[in-house]
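Data first, discussion second: the structure below is written as structure tokens.
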Amino acid sequence: VLAFKLDGILIGDLIYDSYLSYGYATMPSIDKINRYELFNVMQSIFYNRRVIKHIVKHYDIETCLVAHTVGTAGGVFSRYLVSNNIEVWERYSTLKKHRSIKTLYYSAARPDMKYVKFMQNRLGYFIPLAEKHLNNRLKNRSSDWGAQLPYLRDKRVFYNRQEFSKNFGLSPSKKNIFVMLHAFNDFPNSFGFTIYRDYYEWFKTVLNIAQEVDSVNWIFKEHPGAKYYPTKDLDLELIFSKINVSNIRFLNKDANFNTSSLRYVADAICTCIGTAGLEYSAFGVPCILSGKTWYSGFGFTVEPRTDVEFKKILKNIDKLPRLNNEQINIAKIIALFTFDIIEVTKFPDP
Numbered sequence: 033v034l035a036f037k038l039d040g041i042l043i044g045d046l047i048y049d050s051y052l053s054y055g056y057a058t059m060p061s062i063d064k065i066n067r068y069e070l071f072n073v074m075q076s077i078f079y080n081r082r083v084i085k086h087i088v089k090h091y092d093i094e095t096c097l098v099a100h101t102v103g104t105a106g107g108v109f110s111r112y113l114v115s116n117n118i119e120v121w122e123r124y125s126t127l128k129k130h131r132s133i134k135t136l137y138y139s140a141a142r143p144d145m146k147y148v149k150f151m152q153n154r155l156g157y158f159i160p161l162a163e164k165h166l167n168n169r170l171k172n173r174s175s176d177w178g179a180q181l182p183y184l185r186d187k188r189v190f191y192n193r194q195e196f197s198k199n200f201g202l203s204p205s206k207k208n209i210f211v212m213l214h215a216f217n218d219f220p221n222s223f224g225f226t227i228y229r230d231y232y233e234w235f236k237t238v239l240n241i242a243q244e245v246d247s248v249n250w251i252f253k254e255h256p257g258a259k260y261y262p263t264k265d266l267d268l269e270l271i272f273s274k275i276n277v278s279n280i281r282f283l284n285k286d287a288n289f290n291t292s293s294l295r296y297v298a299d300a301i302c303t304c305i306g307t308a309g310l311e312y313s314a315f316g317v318p319c320i321l322s323g324k325t326w327y328s329g330f331g332f333t334v335e336p337r338t339d340v341e342f343k344k345i346l347k348n349i350d351k352l353p354r355l356n357n358e359q360i361n362i363a364k365i366i367a368l369f370t371f372d373i374i375e376v377t378k379f380p381d382p
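Quick note: to get the working numbering, add 32 to the position in the sequence shown (first position is 1).
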């Protein structure tokens, strides 16, 4: 499905992610798929294709402004427009201009290198700002509702590994690896490259490795917004109820655990493309990604390119060092740019 093209334009990832949006963590084999929901996705794809082809044929368009470049509407429109040499402007806090399908996978939250270099040359000014913002973010002072969910003030903050280990029955002598689970049906292919076809396949891979590697503690943290992305085909509570391994724990979305604890108790983070990988890199915690995201490629994340490489890193994760000062500073700069300078709530619609 992911490789499917229509009129020579890649559409498969839009089909796949749109099917998941019906409440699925993964797309099963064709004999088990919900054909009615897949039909609805395909119907929407072909309808929007017909509309945009008609518009392109009958109107002289120079630029199109869109709010989203994913899904069966925004995704199809954007890809057909740039394929016909029509520039697409993506509305974020700023306007990101697209002239090819390739750039449609580039997040509007990703800073251009010219801004990164500008800030790197002025660390004395920007690092204190970044540290102030990150501290406020972890204290739930962000204006971004999504950023508030992990840091609810009624949840407990663990300030040292002994306290954390005792509370969850883990060995304090082992490193703590936090696996930050995603909202499973939240468009896993929207940023392009990813080792795994969806977040469920990634999760199962990590869980299998965790059951083999007992040299570290594995803490699987459910996404704080999971209730807004329900899945019909995945029950995390059921999966973990069947796992009786002393060094594996599952913290569901209701657990009495404030995510800001990670700055004190985490030794590494494993995420596909999640926000926590940037937040805690700024505190020196190394992060292993399995896909391209807006903060990858800046030198402070571990970025395997294959399933084999990813598994090898996980099997040796106890040897993963903390980030150095240069990496931490770059992470802080990217965090400041993304979470503060271009934070969307600062740029309301007119």
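Glycine is no exception: its CB is placed at the ideal position from the N, C-alpha and C atoms.
Please read these numbers as outputs of a predicted model, since none were measured by experiment.
- Message: Check this for me: beta carbons of S175 and T377, under 8 Å apart or not?
- Response: Yes; because the gap between Cβ atoms is below 8 Å, this pair is in contact.
- Query: Apart from the five residues on each side of it in sequence, which residues of its chain come closer than 8 Å, Cβ to Cβ, to Q152?
  - Reply: Within the same chain, Q152 has close Cβ partners N361, I362, I365.
- Item | Run of the alpha helix (DSSP H) containing W177, from where it starts to where it stops | Going by DSSP, W177 is part of the alpha helix (DSSP H) stretching over 177-180.
- Item | Span of the beta strand (DSSP E) around I159 | Per DSSP, I159 belongs to no beta strand (DSSP E); it is in the alpha helix (DSSP H), 155-170.
- Message: So, under 8 Å CB-CB, L46 and G103 are touching, yes? Tell me the CB distance rounded to an integer number of Å.
- Response: Cβ atoms of L46 and G103 come within 8 Å of each other, at about 7 Å.
- Task: Over the uninterrupted beta strand (DSSP E) stretch that includes N208, give me the two end residues.
- Result: Where N208 is concerned, the enclosing beta strand (DSSP E) starts and stops at 207-212.
- Do the CB positions of I41 and Y112 come within less than 8 Å of each other? Remark: C-beta atoms of I41 and Y112 approach each other more closely than 8 Å.
- Query: What does H130 pair with, by DSSP beta-bridge criteria?
  - Reply: DSSP lists V120 as partners of H130.
- Item | Coarse secondary structure for A308, derived from DSSP in three states | DSSP places A308 in helix when its eight states are reduced to three.
- Task: Pick out the complete alpha helix (DSSP H) segments inside the stretch 248-279, 4 residues or longer, and give them in chain order.
- Result: Complete alpha helix (DSSP H) runs here, min 4: 268-273.
- The beta strand (DSSP E) enclosing I301, as first and last residue numbers: Annotation for I301: the continuous beta strand (DSSP E) segment containing it runs 300-302.
- Message: Just to check my reading of the structure: I241 and K347 have Cβ atoms closer than 8 Å, yes? What is that Cβ distance to the nearest angstrom?
- Response: With a Cβ gap of about 6 Å, I241 and K347 count as contacting.
- Using the C-alpha atoms, what's the distance from R229 back to N221? One C-alpha to the other measures close to 7 Å.
- Examine the Cβ distances between the stretch 295-306 and the stretch 265-285 and report whether three or more of them are shorter than 8 Å. As far as the Cβ criterion goes, the stretch 295-306 does not touch the stretch 265-285, which means the pair count is below three.
- Query: How is I374 classed by DSSP in three states: helix, strand or coil?
  - Reply: Reduced to three states, the DSSP call for I374 is coil.
- Query: Can you tell me whether V340 is buried or exposed, with buried defined as 16 or more other CB within 10 angstroms of its CB?
  - Reply: Exposed is the call here.
- Pick from A141, E119, S313, I271: whose alpha carbon is nearest that of T126? It is A141.
- Task: Kindly identify the DSSP beta-bridge partner or partners of L52.
- Result: Under DSSP, L52 takes part in no beta bridge, so it has no partner.
- Residue span of the beta strand (DSSP E) that contains V83, given as start and end: Counting along the chain, V83 falls outside any beta strand (DSSP E), though it belongs to the alpha helix (DSSP H) covering 67-90.
- Contact under 8 Å by Cβ, S110 with H130: In contact: S110 and H130 (Cβ atoms closer than 8 Å).
- Report the rounded CA-to-CA distance for A258 versus L266, giving the unit in angstroms. Taking the Cα positions, A258 is about 12 Å away from L266.
- Query: So, are the CB atoms of R193 and N208 less than 8 Å apart?
  - Reply: Between R193 and N208, the C-beta spacing is below 8 Å.
- Query: From what residue to what residue does the beta strand (DSSP E) around L97 run?
  - Reply: Where L97 is concerned, the enclosing beta strand (DSSP E) stretches over 95-98.
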